[in-house]
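Beneath this line is the structure, given in structure tokens, with notes to follow.
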Amino acid sequence: MDMELQRVTLEGYRPVAQGMLSQEETLESIVPDACPDIARIVSASGKVFLRDKELGEGTMRLTGNARVSVLYIPEGEELPRSLEVTIPFQCVRDDPRFHAGCPVLADLQAASADARTINPRKMLVRVVVAGWTAAYDRERRELSADLAGGEGEGLQKLLISRKCCIIPDVAEKSFTFSDVLRPPASRPELEELLLYRAELGAADAKFIGKKLVLKGDVQLCALYRSGEGLNQARFELPFSQILDMGELPEEAEPEVAVALKSADCRAREGELEVALELLAQAAVWERRPVTLIEDAYCVGRPIDVERAPIQLCTGAERSARREIGRRLCESGIPAKQVLDCAVAVSSLTGAPGEGGMEFTAQANASVLYLSEDDALCGVETDIPVSCRVEVPAGCACACRCRPVGEVTAVPVTGGLEVRFEAEFTWTVTREEPVSCVTEVRPGAVEETGARPSVVIRRVERGEALWDIAKACGSTTQDIRAANGLPGEEAAAGTLLLIPAKRN
Numbered sequence: 047m048d049m050e051l052q053r054v055t056l057e058g059y060r061p062v063a064q065g066m067l068s069q070e071e072t073l074e075s076i077v078p079d080a081c082p083d084i085a086r087i088v089s090a091s092g093k094v095f096l097r098d099k100e101l102g103e104g105t106m107r108l109t110g111n112a113r114v115s116v117l118y119i120p121e122g123e124e125l126p127r128s129l130e131v132t133i134p135f136q137c138v139r140d141d142p143r144f145h146a147g148c149p150v151l152a153d154l155q156a157a158s159a160d161a162r163t164i165n166p167r168k169m170l171v172r173v174v175v176a177g178w179t180a181a182y183d184r185e186r187r188e189l190s191a192d193l194a195g196g197e198g199e200g201l202q203k204l205l206i207s208r209k210c211c212i213i214p215d216v217a218e219k220s221f222t223f224s225d226v227l228r229p230p231a232s233r234p235e236l237e238e239l240l241l242y243r244a245e246l247g248a249a250d251a252k253f254i255g256k257k258l259v260l261k262g263d264v265q266l267c268a269l270y271r272s273g274e275g276l277n278q279a280r281f282e283l284p285f286s287q288i289l290d291m292g293e294l295p296e297e298a299e300p301e302v303a304v305a306l307k308s309a310d311c312r313a314r315e316g317e318l319e320v321a322l323e324l325l326a327q328a329a330v331w332e333r334r335p336v337t338l339i340e341d342a343y344c345v346g347r348p349i350d351v352e353r354a355p356i357q358l359c360t361g362a363e364r365s366a367r368r369e370i371g372r373r374l375c376e377s378g379i380p381a382k383q384v385l386d387c388a389v390a391v392s393s394l395t396g397a398p399g400e401g402g403m404e405f406t407a408q409a410n411a412s413v414l415y416l417s418e419d420d421a422l423c424g425v426e427t428d429i430p431v432s433c434r435v436e437v438p439a440g441c442a443c444a445c446r447c448r449p450v451g452e453v454t455a456v457p458v459t460g461g462l463e464v465r466f467e468a469e470f471t472w473t474v475t476r477e478e479p480v481s482c483v484t485e486v487r488p489g490a491v492e493e494t495g496a497r498p499s500v501v502i503r504r505v506e507r508g509e510a511l512w513d514i515a516k517a518c519g520s521t522t523q524d525i526r527a528a529n530g531l532p533g534e535e536a537a538a539g540t541l542l543l544i545p546a547k548r549n
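Listed below in structure tokens is the structure:
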């Protein structure tokens, strides 16, 4: 008897760690000689540039620079000036599943920034770098899909079909683009750039053949001086990139992240010259049909079958929903006009609830405004935003949150009302244990006496027709024919006629 297991290879990536991380960095900075002394610090805003993603055994390190723009009122002057401080950062996350070669998706931002004076020529600058990360581990598994041979031996095979969710590819690509911008005609001419923010909007992706087309935009917000006044201009800079992927089915679903690697914005002759470098990143989910052999036996002669349990990801559903964040940001000085408003997510936590998970994002909002007497003021507050996600029993859920669209702040009694949209995206996965044949070999032949022509057997609770046929040396087809069963199952307590073993 010659039997051979036929194998199927499942190769791709699996997520090993997803979630938020944060790192606080501080730096003492001296005011340059060409700048006047500090009388009052108004506000600070940060930008984060990702330089490198390093993975070692059990450790992930994300490194880069945070640039903090500090607005201050100089001594003896009324209009603000700006100082930019560069702070290196290193975010570290430990996990025993990390190792060199694991690809990582990362989306970092400055969750908050502030500065305080040590003396008129020195200040202490602080920035909190926070963001979402996802690490993936490459795996290759050979599983038994069928059993060939055994002709004339009455070989019986129990085959199962599943939809296996895998990540066949993780890719990334750096790209640059530049533009020359001019404030709208309704705004005053730009004379001096005080600060700018480059915020990444939501990105869409779709497959065209073997290529993933990624489209998104960068929201550039600039605060500038014009004559004796302050003004803000907002620009939308669309981008599109193509990532080469392997052969994928049409229903494949990408998970994308875009990180800012560098940004340069300069004022020249009333215009803004902007140069950006971005990192496009994507992991692709695919539902692949797979057939496995769960069990086998021979009616004609005994065989020894070894089986082992395996875990298959049989479900991966991605969804998204936007929730509104709103809160009164109290200010001691009444506001007349809002100049700038920004929001960043600093943390994301999840708690199990009835039928699902409750995810809560903590967002930090900072507002720059003019008071009734045209004094420049800054204020910030934390805003929680929650999203409830239905998660079926036995499933896991990984969630991500980021602000999208424009943030608004409106002067009201007692302060400013801040309002923004937060987009929650999540993936619900289901792991299913499956028993799979790992080895088949000839069994020992037992010396037995005469067997009865028919056996009567009662079906026990939870017993499958396959188990009865295997135990009695019959086949499910013969049992169904002898008892007139329409399907592959019989109710517990049913008496079955089991045909004699065929030789």
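Throughout the sequence shown, residue numbering follows the numbering used here, covering 47 to 549 in sequence. All C-beta atoms in this analysis are idealised placements derived from N, C-alpha and C, irrespective of residue type, glycine included. The structure displayed is predicted, hence computed values, not measured ones.
Residue i versus the options, residue with shortest Cα-Cα distance
i, options, result
"Pro545", "Ala537, Val483, Ala326 and Ile514", "Ile514"
"Leu189", "Cys441, Val505, Gln52 and Thr521", "Gln52"
"Glu506", "Leu541, Glu485, Thr473 and Gly530", "Leu541"
"Gly424", "Cys81, Ser91, Thr222 and Arg60", "Ser91"
"Leu462", "Ala411, Cys311, Ser520 and Ala536", "Ala411"
"Val435", "Thr473, Ala421, Thr132 and Ala409", "Thr473"
"Glu197", "Lys257, Arg233, Leu151 and Cys344", "Cys344"
"Ser392", "Asp141, Leu67 and Val62", "Leu67"
"Arg367", "Val431, Gln64, Gly104 and Tyr118", "Val431"
"Gly200", "Asp524, Glu376, Gly378 and Leu543", "Asp524"
"Gly262", "Glu477, Glu317 and Ala303", "Ala303"
"Phe470", "Met403, Thr459, Cys482 and Leu511", "Met403"
"Cys267", "Ala309, Gln287, Glu299 and Asp350", "Ala309"
"Thr360", "Pro488, Val480 and Val114", "Val480"
"Arg376", "Trp178, Val320 and Tyr415", "Residue identity differs from the one stated: residue 376 is Glu in this sequence, not Arg. The residue with the shortest Cα to Cα distance from Glu376 is Tyr415."
"Arg60", "Lys307, Asp98, Leu385 and Glu301", "Glu301"
"Val116", "Glu74, Glu100 and Leu154", "Glu74"
"Ser128", "Leu511, Pro488 and Leu422", "Leu422"
"Pro449", "Thr459, Ile429, Pro457 and Ala439", "Ile429"
"Thr484", "Pro149, Glu340 and Asp160", "Glu340"
"Phe281", "Lys307, Val62, Cys311 and Ser272", "Cys311"
"Ala85", "Val500, Met169 and Glu50", "Met169"
"Ala80", "Arg167, Leu108 and Pro149", "Arg167"
"Gly371", "Gly451, Arg233 and Cys482", "Gly451"
"Cys518", "Glu534, Glu121 and Leu543", "Leu543"
"Gly275", "Leu240, Gly255, Phe285 and Glu293", "Leu240"
Limits of the unbroken beta strand (DSSP E) element including residue i
i, result
"Lys256", "That residue, Lys256, is in no beta strand (DSSP E); it is neither H nor E in DSSP."
"Thr522", "Looking at the DSSP string, Thr522 is not in any beta strand (DSSP E); the run it does join, the alpha helix (DSSP H), is Thr522 to Asn529."
"Ile339", "Glu317 to Cys344"
"Asp428", "Leu422 to Glu436"
"Leu276", "Gly275 to Asp290"
"Val302", "Glu299 to Arg314"
"Ile356", "Ile349 to Glu376"
"Pro229", "It is not in any beta strand (DSSP E) - Pro229 carries neither H nor E in the DSSP assignment."
"Pro82", "No beta strand (DSSP E) contains Pro82, which DSSP labels as neither H nor E."
"Pro545", "Leu541 to Pro545"
"Pro398", "Ala381 to Gly399"
"Val505", "Element bounds for Val505: n/a, residue is neither H nor E."
"Ala244", "Glu238 to Leu246"
Nearest-angstrom Cβ-Cβ length linking residue i and residue j, presumed shorter than 8 Å
i, j, result
"Leu394", "Cys210", "So it is not a contact: roughly 29 Å between Cβ atoms."
"Phe405", "Cys433", "5 Å"
"Gln357", "Glu218", "Wrong, their Cβ atoms sit about 28 Å apart, outside the cutoff."
"Ala248", "Lys93", "That pair is no contact at about 19 Å."
"Ala176", "Gln155", "7 Å"
Counterpart residues of residue i in DSSP-defined beta bridges
i, result
"Glu188", "Thr55"
"Arg448", "Glu469"
"Ser220", "Leu325"
"Gly65", "Thr179"
"Ala407", "Leu394 and Val431"
"Thr72", "Arg172"
"Pro479", "Gln357"
"Leu416", "Gln383 and Leu422"
"Ala294", "Note that residue 294 is Leu in the sequence shown, not Ala. Per DSSP, none; premise fails for Leu294."
"Arg487", "Asp350"
"Pro78", "For Pro78, which the question treats as bridged, DSSP gives no partner whatsoever."
"Arg271", "Glu238 and Leu276"
"Asp48", "None; Asp48 has no bridge partner."
Cutoff 9 Å: residue i Cβ touching any chain D Cβ
i, result
"Ala321", "Checking the listed chains, one finds no chain D in this structure; it contains a single protein chain."
Boundaries (first-last residue) of the alpha helix (DSSP H) holding residue i
i, result
"Ala515", "Leu511 to Cys518"
Quick check for students: name the residue ranges of the beta strand (DSSP E) that lie wholly in the region 90 to 163, counting only runs of 3 or more. For the region 90 to 163, the continuous beta strand (DSSP E) assignments of 3+ residues that do not extend past its boundaries occur at 105 to 120 and 127 to 140, in sequence order.
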